[in-house]
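Please read the structure below before turning to the comments.
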Amino acid sequence: MGAAALVLLACGWLYVSGLQDANARLKANLATQIEARQIAERNTKALSEQLEIERQRAEKTNHIKETINASPGGSVPADIRAALDGLRNR
114 MGAAALVLLA
124 CGWLYVSGLQ
134 DANARLKANL
144 ATQIEARQIA
154 ERNTKALSEQ
164 LEIERQRAEK
174 TNHIKETINA
184 SPGGSVPADI
194 RAALDGLRNR
(Lines of atoms letter the chains of each structure in order from A and count residues from 1; the text may use other names and numbers.)
(Lines give C-alpha, C1' and ligand atoms only; values in the text may rest on other atoms or scores of the structure.)
Protein backbone atom coordinates (compact mmCIF):
# COMPACT_ATOMS: atom_id res chain seq x y z
CA MET A 1 0.00 0.00 0.00
CA GLY A 2 2.91 2.35 0.63
CA ALA A 3 4.18 1.99 -2.94
CA ALA A 4 0.73 2.67 -4.38
CA ALA A 5 0.47 5.82 -2.29
CA LEU A 6 3.86 6.98 -3.57
CA VAL A 7 2.78 6.32 -7.16
CA LEU A 8 -0.44 8.29 -6.61
CA LEU A 9 1.49 11.10 -4.97
CA ALA A 10 3.95 11.21 -7.88
CA CYS A 11 1.10 11.21 -10.41
CA GLY A 12 -0.64 14.00 -8.53
CA TRP A 13 2.56 16.02 -8.41
CA LEU A 14 3.09 15.56 -12.16
CA TYR A 15 -0.53 16.55 -12.83
CA VAL A 16 -0.26 19.73 -10.74
CA SER A 17 3.12 20.54 -12.30
CA GLY A 18 1.60 20.18 -15.77
CA LEU A 19 -1.26 22.48 -14.81
CA GLN A 20 1.18 25.07 -13.54
CA ASP A 21 3.17 24.91 -16.78
CA ALA A 22 0.01 25.27 -18.86
CA ASN A 23 -1.09 28.20 -16.70
CA ALA A 24 2.28 29.91 -17.17
CA ARG A 25 2.06 29.46 -20.96
CA LEU A 26 -1.47 30.88 -20.99
CA LYS A 27 -0.37 33.91 -18.96
CA ALA A 28 2.55 34.54 -21.32
CA ASN A 29 0.25 34.23 -24.34
CA LEU A 30 -2.23 36.64 -22.78
CA ALA A 31 0.52 39.16 -22.06
CA THR A 32 1.66 38.94 -25.69
CA GLN A 33 -1.89 39.49 -26.93
CA ILE A 34 -2.36 42.49 -24.63
CA GLU A 35 0.89 44.01 -25.86
CA ALA A 36 -0.09 43.41 -29.50
CA ARG A 37 -3.45 45.09 -28.91
CA GLN A 38 -1.78 48.11 -27.30
CA ILE A 39 0.61 48.43 -30.25
CA ALA A 40 -2.30 48.18 -32.69
CA GLU A 41 -4.20 50.89 -30.79
CA ARG A 42 -1.17 53.20 -30.84
CA ASN A 43 -0.68 52.57 -34.57
CA THR A 44 -4.36 53.24 -35.26
CA LYS A 45 -4.18 56.52 -33.34
CA ALA A 46 -1.03 57.58 -35.19
CA LEU A 47 -2.61 56.74 -38.56
CA SER A 48 -5.76 58.68 -37.65
CA GLU A 49 -3.68 61.70 -36.72
CA GLN A 50 -1.72 61.47 -39.97
CA LEU A 51 -4.95 61.14 -41.94
CA GLU A 52 -6.30 64.29 -40.27
CA ILE A 53 -3.10 66.17 -41.14
CA GLU A 54 -3.38 65.06 -44.77
CA ARG A 55 -7.06 66.04 -44.85
CA GLN A 56 -6.23 69.53 -43.57
CA ARG A 57 -3.41 69.86 -46.09
CA ALA A 58 -5.75 68.88 -48.94
CA GLU A 59 -8.32 71.35 -47.67
CA LYS A 60 -5.74 74.16 -47.71
CA THR A 61 -4.58 73.17 -51.18
CA ASN A 62 -8.15 73.20 -52.49
CA HIS A 63 -8.74 76.62 -50.94
CA ILE A 64 -5.61 77.96 -52.62
CA LYS A 65 -6.65 76.48 -55.98
CA GLU A 66 -10.12 78.02 -55.66
CA THR A 67 -8.59 81.40 -54.81
CA ILE A 68 -6.27 81.22 -57.82
CA ASN A 69 -9.13 80.25 -60.13
CA ALA A 70 -11.23 83.12 -58.79
CA SER A 71 -8.46 85.69 -59.30
CA PRO A 72 -9.29 88.19 -62.06
CA GLY A 73 -7.01 87.85 -65.05
CA GLY A 74 -5.19 84.93 -63.49
CA SER A 75 -3.07 87.11 -61.22
CA VAL A 76 -2.16 85.39 -58.00
CA PRO A 77 -1.65 87.42 -54.83
CA ALA A 78 1.86 87.11 -53.38
CA ASP A 79 0.71 85.55 -50.11
CA ILE A 80 -1.25 82.87 -51.97
CA ARG A 81 1.70 82.20 -54.28
CA ALA A 82 4.00 81.79 -51.23
CA ALA A 83 1.53 79.42 -49.59
CA LEU A 84 1.24 77.38 -52.78
CA ASP A 85 5.01 77.19 -53.14
CA GLY A 86 5.24 76.09 -49.51
CA LEU A 87 2.80 73.25 -50.14
CA ARG A 88 4.67 72.14 -53.24
CA ASN A 89 7.95 71.96 -51.32
CA ARG A 90 6.60 69.59 -48.64
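Going left to right, the sequence shown walks through residues 114 to 203 as our numbering numbers them. No residue lacks a Cβ here, since even glycine has one placed at the ideal position from N, Cα and C.
Nearest to residue i (by Cα), restricted to the options the options
i, options, result
"S179", "E162, G125 and L197", "Looking at the sequence shown, residue 179 is not Ser but Glu. The shortest C-alpha separation from E179 is found at L197."
"K173", "A159, A195, L119 and T157", "A195"
"A171", "L200, A117 and L122", "L200"
8 Å contact criterion, which residue i and residue j should meet: CB distance rounded
i, j, result
"I193", "I177", "6 Å"
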